[in-house]
Every structure is written in structure tokens, then in C-alpha cells.
Amino acid sequence: MELRQAMRTPSRNQAGLELLIEYYNQLYYLDQRFFPPHRNLGVHFHWYDSLTGVPSSQRALAFEKGSVLFNIGALYTQIGARQDRSATPGIDKAVDAFQRAAGAFNYLKDNFSNAPSLDMSSPSLCMLVRLMVAQVQECVFERVTLTTQDAGFTSQLRLAWEAARVSDVYLLVQQTMTQPLMKDYVPFSWVSMVQVKAEHFRALSHYHAAVALCDHMSSSEGIDEEAEKTFLQFYVSSPASPTLNQVLQDPEKRRKLGKAHLRCAVIRHEEAMRVHSLCKILRKMDILQDVLSVAHKRSLDRYSELDREDDFDETAEAPEIQSQTHQKPDIIPPNFSTVQVTDIFHRLGPLSVFCARARWGPVRVICLQRKEGGLGLTLRGDSPVLVAGVLPGGCAAVSGLREGDYIAAVDGQDCKWAKHSEVVQMLKNCSDRGVELRVVTLHSHDTQVERRAVMASHSSDKENTRLRLLSGAKGQSSASLLNWNRKKKREVSGVTKTLGSTFSLSFGSIRDTESMY
Numbered sequence: 004m005e006l007r008q009a010m011r012t013p014s015r016n017q018a019g020l021e022l023l024i025e026y027y028n029q030l031y032y033l034d035q036r037f038f039p040p041h042r043n044l045g046v047h048f049h050w051y052d053s054l055t056g057v058p059s060s061q062r063a064l065a066f067e068k069g070s071v072l073f074n075i076g077a078l079y080t081q082i083g084a085r086q087d088r089s090a091t092p093g094i095d096k097a098v099d100a101f102q103r104a105a106g107a108f109n110y111l112k113d114n115f116s117n118a119p120s121l122d123m124s125s126p127s128l129c130m131l132v133r134l135m136v137a138q139v140q141e142c143v144f145e146r147v148t149l150t151t152q153d154a155g156f157t158s159q160l161r162l163a164w165e166a167a168r169v170s171d172v173y174l175l176v177q178q179t180m181t182q183p184l185m186k187d188y189v190p191f192s193w194v195s196m197v198q199v200k201a202e203h204f205r206a207l208s209h210y211h212a213a214v215a216l217c218d219h220m221s222s223s224e225g226i227d228e229e230a231e232k233t234f235l236q237f238y239v240s241s242p243a244s245p246t247l248n249q250v251l252q253d254p255e256k257r258r259k260l261g262k263a264h265l266r267c268a269v270i271r272h273e274e275a276m277r278v279h280s281l282c283k284i285l286r287k288m289d290i291l292q293d294v295l296s297v298a299h300k301r302s303l304d305r306y307s308e309l310d311r312e313d314d315f316d317e318t319a320e321a322p323e324i325q326s327q328t329h330q331k332p333d334i335i336p337p338n339f340s341t342v343q344v345t346d347i348f349h350r351l352g353p354l355s356v357f358c359a360r361a362r363w364g365p366v367r368v369i370c371l372q373r374k375e376g377g378l379g380l381t382l383r384g385d386s387p388v389l390v391a392g393v394l395p396g397g398c399a400a401v402s403g404l405r406e407g408d409y410i411a412a413v414d415g416q417d418c419k420w421a422k423h424s425e426v427v428q429m430l431k432n433c434s435d436r437g438v439e440l441r442v443v444t445l446h447s448h449d450t451q452v453e454r455r456a457v458m459a460s461h462s463s464d465k466e467n468t469r470l471r472l473l474s475g476a477k478g479q480s481s482a483s484l485l486n487w488n489r490k491k492k493r494e495v496s497g498v499t500k501t502l503g504s505t506f507s508l509s510f511g512s513i514r515d516t517e518s519m520y
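Under my numbering, the sequence shown is numbered contiguously, ending at residue 520.
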């Protein structure tokens with residue numbers, strides 16, 4: 004309980020992430036030990052929608068897991084947003100955080116379904132994944148801008164490519180946010196910010212294209228092969244007239260094309276400022292207002308420099324710039340093995356045996372009194388030790404010990420984690436008064452079904468029994484479905500299969516791993 008209370012308010016750093024992952028890993032042990040697959044327990048898990056605050060409650064442990072996983076992704080976004088992106092190390096940390104946030108949301112989308120809260124629905128998670136990818140792409144553009152040492156022709160074209168890429172991914176996020184299910188759910192400030200960024204980076208793309216054409220290709224400069232190749236691939240579709248080769252050779256054509264790009268940049272900047280002014284929350288962000296104003300003024304000043312009094316030609320429409328990036332975002336799924344935890348219910352015994360999927364009989368107390376022929380039992384395995392066979396008429400059989408029993412304690416000492424040799428030594432050291440064993444018996448699910456079938460056969464014919472078994476199996480299957488569960492069915496535990504073979508052991512030859520007493 005203390006762990007769950009602590010993880011509700013984690014610190015906004017790596018320690019907070021480790022706390023959430025630790026709790027998530029503990030939920031695995033909790034699920035395996037106490038939540039059988041065929042029914043729900045009466046434990047309610049309460050969470051609140053991250054955007055609306057609407058409470059949700061379910062008895063499914065999968066809801067608890069999904070909510071913790073959502074918080075892991077949300078915490079990564081906060082860590083990424085608080086990084087200092089004025090330097091390369093800060094940008095790299097932000098990229099890593101946003102990629103891991105995208106991985107957490109994507110993992111949640113792929114592995115869980117039928118969420119009771121809208122923030123964990125598939126459309127919402129898809130939107131969040133795309134939003135994280137867009138922020139990664141924005142950080143990549145910032146790093147390219149920061150690390151570009153020269154202001155050469157090719158460098159400016161690549162900056163234009165990167166900016167166009169950022170604009171495209173934000174436009175995709177905007178389209179996702181305006182879908183029917185998301186339109187009334189996503190806050191207006193989110194939609195406005197995404198639209199502002201889509202317009203702003205499209206304007207930056209046209210600005211860098213204009214700078215490349217007007218500043219770095221004077222008539223006296225030669226055209227190297229790399230610059231020509233880059234420019235020929237610069238646009239989505241090359242204009243018919245003038246051709247790109249003609250633009251490279253003619254300074255006046257370069258000026259006119261650069262002017263067209265600056266005109267588009269100014270228009271896009273003005274649209275970004277208009278959208279910004281319509282949102283009350285964004286208007287309170289002075290830094291955002293300054294960034295938009297400075298970028299708009301810079302493009303407008305460059306446009307004024309290229310505008311001539313004797314130029315009466317109408318400015319042409321700038322071609323659409325290709326969007327490319329040198330680093331595609333990598334969606335990093337969560338790695339839960341980074342935080343090693345110890346099962347808080349370790350004392351209950353090995354998880355492979357003492358789990359919710361196993362059907363256990365009540366604990367029985369067996370008092371064994373050693374006779375001349377010994378205890379009359381065969382032990383096998385360890386952690387816990389299994390009674391592999393009981394000698395008919397022997398001490399163990401007379402006392403009620405059965406083949407397939409697991410030894411949980413010897414003379415009050417817990418043996419669920421004891422090795423084979425340790426239990427053997429305890430039995431050897433028993434006094435004349437005997438030894439007290441606490442044992443439990445595992446009943447496989449198949450055994451339970453067969454037992455019901457035998458009971459049903461006494462009151463109906465074979466056909467009715469078969470129909471009842473089939474309908475019972477279907478009923479059990481439907482009862483095992485959670486309101487909110489994993490998409491991918493868990494594999495059937497190998498515990499039942501392994502333990503099922505125990506009941507068919509013949510009391511014949513004793514194996515090397517067995518000991519007879």
C-alpha cells in the first residue's frame with residue numbers, strides 16, 4: 004500500500020520513473036499470485052482521466068497496469084520538456100525522453116484494449132504517440148540548427164528540409180486531434196499549439212530556402228556537384244518553367260524564386276500568429292509570442308530587401324518543399340528489466356507453483372511416526388519438495404499422505420523454498436515421537452472439470468452431460484473476460500502441465516532425483 008501511495012506522486016526525474024516501474028513490476032507478481040484468469044476479485048482500482056479528470060474504477064488488474072504505464076509515458080514527457088535545449092546534450096536528453104514516452108504510449112496501445120477512460124483509448128494513444136514523435140522531430144531540427152557551423156547553400160537547403168519535416172508531422176498530429184472522437188476531448192490549447200507549430204515550421208522551411216537561393220549563389224560562384232544534386236531533389240515536384248538548372252545559372256531567377264519563398268514564409272508566419280491570438284492560454288505565453296514575432300519580422304525584412312520598385316511582375320507561388328530528415332524518430336518501448344524488484348509475497352513460495360492459476364486443496368497436517376520400514380514415501384524435486392510416491396500400507400499412507408502432495412512445512416519450519424537435501428535432512432533428524440508435516444495438494448483444472456462431469460453423469464444421460472460440459476466451458480470462458488484486459492492472450496502456464504504429470508507417476512523404479520524413506 005505504501006508503494007502505491009508513493010507512486011501516485013513520483014518525482015519528475017529518473018527516480019520517479021524507477022518508482023513507477025518498480026510498482027509495475029510488483030503488479031506482475033500480484034497478478035500471478037492472487038488474480039485467477041477465470042474470475043475477478045472484489046478489488047476496485049480508481050484512476051482519473053489525465054485531461055478531463057473524470058474518475059474511472061474497475062476491478063481488473065489490467066486497468067491498474069495500464070494506468071501506471073500511462074503515467075510512465077506522461078512522466079517521460081515532463082522530463083523531456085524540462086531539458087535545456089540550448090545545448091546539444093540537453094537536446095539529446097529531450098529526444099531520448101520523448102522517444103521513450105512514445106514507446107510507452109505505443110506499448111499501451113498495442114497491448115491493452117477497452118479502456119474505461121478516454122485518455123487510454125486507442126485514438127487518444129495514437130494521437131499521443133504522434134505528438135511525441137513530432138516533438139522528437141522538432142528537437143532534431145533544433146540540433147541541426149545548433150550544430151550547423153556554416154551558412155552555405157547545401158546547409159540551408161537541409162535546414163529547409165528538416166523544418167518541412169517538422170511541419171508535416173505536426174500537421175499529422177493536428178489531423179488526428181480533429182477526428183470525431185478526439186475533437187471534443189483534446190483541449191483547444193493543444194490543438195492551437197500544434198497548428199501554430201505546423202505553420203511556424205513551414206514558414207521556417209521557406210525562409211531557409213530563400214536564404215540558400217539569395218545569399219549563397221551569386222553569379223561569380225561556381226556550382227559544385229553536391230549543391231546541384233541537392234537542389235534538384237529539393238522540391239516535391241520540379242517547376243516546369245523556369246527549370247531548376249536555369250534557376251541555378253541565372254541570378255535574377257534565383258532572386259525571384261527566393262522572393263516567392265519569402266512571401267510564403269511571411270504568409271505562414273502571419274497565419275501562425277493569427278491562430279496564436281485566438282487561444283487565450285497561448286496568449287499568456289510571452290516567450291511563444293516573442294518567437295513568432297521575431298521570426299515574422301526576419302522574413303518580412305528579407306522580403307523587403309528583395310522587393311524592387313521597378314519589379315512589376317507578380318510574385319509566383321513557391322513550389323512545395325520536400326520534407327526530409329537525417330534522423331527518424333525511434334519509438335523505444337519500455338524496458339521493465341531496468342528496475343529489479345523482489346516479490347513482496349516471496350514467503351508464499353515459488354511463483355511457478357504457488358500462483359493464482361493453481362487450484363489448491365486445504366492445508367493438511369500429517370503426523371508421521373517412523374517404523375521399521377521407514378516412512379514409506381518418495382520425495383522428488385525442491386522448492387517445494389514433492390511427494391512423488393507413497394508406499395501402500397506404509398507409515399505415510401496410513402497417516403494420510405498422498406502422492407502429489409507438496410511439503411509446505413516440517414515441524415513448523417517453512418519448507419516452501421527449501422532444497423531437496425534440506426527437507427531430507429529434516430526427515431532424517433526426526434525424533435522417536437515422529438515428525439509433523441504440513442502439506443498441500445494441487446488440483447489441476449482438468450481434474451476439476453472431470454470431477455464435475457462424473458457428478459453430472461449420475462443425474463442425466465451421456466448426451467446431456469456432454470452438452471452441460473460444453474455450456475459450462477463456454478460459461479467459464481466468458482466469465483474470465485475482464486472489462487478491460489490484455490489484447491494478447493497470455494500463454495498457458497507451464498505449471499499446470501508439469502504438475503499434471505505428477506498424478507500419473509507410478510510407484511516403480513526410483514529416479515536419481517528421488518529419495519525413498
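We put the CB at the ideal spot given by N, CA and C, even for glycine. Remember, predicted model here, so these are calculated numbers, not experimental data.
Asked, Found
"At a Cβ threshold of 8 angstroms, is SER125 touching chain C?", "Here chain C cannot be found, since the structure has a single protein chain."
"Assign ARG367 to one of three DSSP states: helix, strand, or coil.", "strand"
"Starting from ILE523, follow its DSSP beta bridges and name the residues at the other end.", "As shown, the chain starts at 4 and ends at 520. That puts residue 523 outside it, with no answer to give."
"CA-CA distance, ALA166 and VAL199?", "14 angstroms"
"My assumption, with CB atoms under 8 angstroms, is that VAL143 sits in contact with VAL98. Please give the rounded CB distance.", "7 angstroms"
"Beta carbon of LEU78, beta carbon of ARG15: below 8 angstroms?", "yes"
"Between the beta-carbon of PRO353 and the beta-carbon of LYS419, is there less than 8 angstroms?", "yes"
"State the DSSP-derived secondary structure class of PHE237, mapped to helix, strand or coil.", "coil"
"Just how far apart, CA to CA, sit ASP304 and PHE204?", "18 angstroms"
"State the Cα-Cα distance for the pair MET196 and GLN292, rounded to the nearest angstrom.", "12 angstroms"
"Beta carbon of SER192, beta carbon of ASP122: below 8 angstroms?", "no"
"Is it the case that the segment 371–389 contacts the segment 397–405, given that we only count it when at least three CB pairs across the two stretches are under 8 angstroms?", "yes"
"Exposed or buried, ARG164, counting other C-beta atoms within 10 Å across all chains shown (16 or more means buried)?", "Here the sequence assigns Trp to residue 164, which means Arg is not the residue at that position. Buried: at least 16 other Cβ atoms inside 10 Å."
"Indicate whether VAL3 and TYR409 have their beta-carbon atoms separated by less than 8 angstroms.", "Outside the modelled stretch of the chain, which goes from 4 to 520, sits residue 3, for which no answer is possible."
"In its own chain, which residues sit with a C-beta less than 7 angstroms from the C-beta of GLU229, not counting the 5 before and 5 after it?", "THR157"
"Would you mind reading off the limits of the beta strand (DSSP E) that contains GLN61?", "58–61"
"In angstroms with no decimal places, state the Cα-to-Cα distance between SER59 and PHE48.", "8 angstroms"
"Quick one: what's got a C-beta closer than 7 angstroms to ARG7's C-beta in the same chain, skipping five residues either side?", "TYR26"
"Along the chain, where does the alpha helix (DSSP H) that runs through TRP193 open and close?", "191–218"
"Per DSSP, GLU228 forms a beta bridge with which residues?", "DSSP, once it has assigned bridges, lists no residue as partnering GLU228."
"Identify whether LYS477 lies in helix, strand or coil by the three-state DSSP scheme.", "Caution applies to LYS477, whose pLDDT of 39 falls short of 50 and renders its modelled position unreliable; the model cannot decide the point."
"With C-beta atoms as the reference, is VAL413 less than 8 angstroms away from LEU440?", "yes"
"So does the segment 339–347 actually touch the segment 28–40, counting three or more Cβ pairs closer than 8 angstroms?", "yes"
"For THR12, collect the residues of the same chain with a Cβ closer than 6 angstroms to its Cβ; drop the 5 residues on either side in sequence, then sort them by chain order.", "none"
"Of the residues PRO254, VAL297, MET185, which one's Cα is nearest the Cα of THR55?", "MET185"
"Enumerate in chain order the residues of its own chain whose CB-to-CB distance from GLN152 is below 7 angstroms, with the five nearest sequence positions on each side excluded.", "none"
"Which first and last residues belong to the alpha helix (DSSP H) in which ALA400 is found?", "398–402"
"With a threshold of 8 angstroms, are at least 3 pairs of Cβ atoms found where one atom belongs to the segment 354–366 and the other to the segment 329–336?", "no"
"With distances taken from CA atoms, which of LEU380, VAL239, ASN114 is nearest PRO395?", "LEU380"
"Per DSSP, GLU439 forms a beta bridge with which residues?", "CYS370"
"In or out: LEU44 buried (at least 16 other Cβ within 10 Å) or exposed?", "exposed"
"In the DSSP assignment, find the alpha helix (DSSP H) that holds PHE156 and state where it starts and stops.", "156–180"
"Less than 8 angstroms separating the beta-carbons of VAL172 and VAL136?", "yes"
"Name, in chain order, the residues that DSSP records as bridge partners for TYR51.", "PRO58"
"Opposite ILE324 in the DSSP bridges: which residues?", "TYR238"
"Go ahead and pull the three-state DSSP assignment for ILE347.", "coil"
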